[in-house]
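Position one of the sequence shown corresponds to residue 735 (my numbering), numbered consecutively onward.
A virtual CB, placed ideally from N, CA and C, is assigned to each residue, including glycine.
A quick write-up on the structure given underneath.
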Amino acid sequence: MSDASSGNVSSGSIRRSSRTRKKKKNMTPIGMAVGAVILIIGILLSLKEPKLALFWFTGMAFGFILQRSRFCFTASMRDPMLTGSTSVTRAVLIAFALTSIGFWAIKYGAVQQGLPIPGMSYVVPVSFSTIIGAFLFGIGMVIAGGCASGTLMRVGEGFTMQILSLFFFIVGSLWGAHDFGWWKL
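So, in structure tokens, the structure goes:
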């Protein structure tokens, strides 16, 4: 009976890598510097317009949350099929539930005050254009490797492959904003 089959493993059968591990760099000073720059930019924005500082810090907070949670709508649909992981899917469902409650409160408040329901001027019936747009959007997400939030999160993490997606994301957004009147037809 061999040593391996009896549960005994001889020390000669276990090999250790001859490579030494690199010491991890202490990122605390870099993090403190980035935090100081974010704070200084926020203070400078607040001197110009207090709302700008609010928008700046809210954007930084949302960016941090998106990056740490790896929040991506594409991953929420893709990961259960590919990896079996449903953590991002659950996060998206929780986000939908919370925003639904928030929008319900806003709309209910408007109805109670006798005001028109906010956002209803943008609701249009589903048409063939909507179906074509959804199909093209889905193709774009597959080619880009993620949705807008996922692309922004990955660029922030330093994934250089996503920079091309970000470039066309910006071009498409600017083009869409420029021709917004035509798109409302």
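Three-pair Cβ contact test at 8 Å for the region 796 to 812 versus the region 822 to 830: Judged by Cβ distances under 8 Å, the region 796 to 812 makes contact with the region 822 to 830, as three or more pairs qualify.
Cα-Cα separation between residue 736 and residue 754, rounded to whole angstroms: Taking the first residue of the sequence shown as 1, we reach residue 736 at position 2. Taking the first residue of the sequence shown as 1, we reach residue 754 at position 20. Unreliable placement is indicated for residue 736, whose pLDDT of 48 sits below 50; the coordinate value is still reported in the next sentence. Going from the Cα of residue 736 to the Cα of residue 754 covers about 32 Å.
Assigned secondary structure, residue 887 (DSSP; H/G/I helix, E/B strand, else coil): Translated into positions along the sequence shown, residue 887 becomes position 153. Correct three-state label for residue 887: helix.
Tell me where the alpha helix (DSSP H) around residue 813 begins and ends. If you number the sequence shown from 1, residue 813 lands on position 79. That run of the alpha helix (DSSP H) goes 807 to 816.
Does the count of Cβ pairs from the region 852 to 862 and the region 770 to 781 closer than 8 Å reach three? Remark: fewer than three beta-carbon pairs, one from each stretch, lie closer than 8 Å, so the region 852 to 862 and the region 770 to 781 are not flagged as touching.
Are the beta-carbon atoms belonging to residue 851 and residue 844 less than 8 Å from one another? If you number the sequence shown from 1, residue 851 lands on position 117. If you number the sequence shown from 1, residue 844 lands on position 110. Residue 851 places its beta carbon less than 8 Å from that of residue 844.
Which two residues bound the contiguous alpha helix (DSSP H) that contains residue 901? By 1-based counting over the sequence shown, the position of residue 901 is 167. For residue 901, the enclosing alpha helix (DSSP H) stretches over residues 895 to 912.
Can you give the Cα-Cα distance for residue 758 and residue 770, rounded to whole angstroms? Start at 1 with the first residue of the sequence shown, and residue 758 comes out as number 24. Start at 1 with the first residue of the sequence shown, and residue 770 comes out as number 36. Taking C-alpha positions only, residue 758 is separated from residue 770 by approximately 23 Å.
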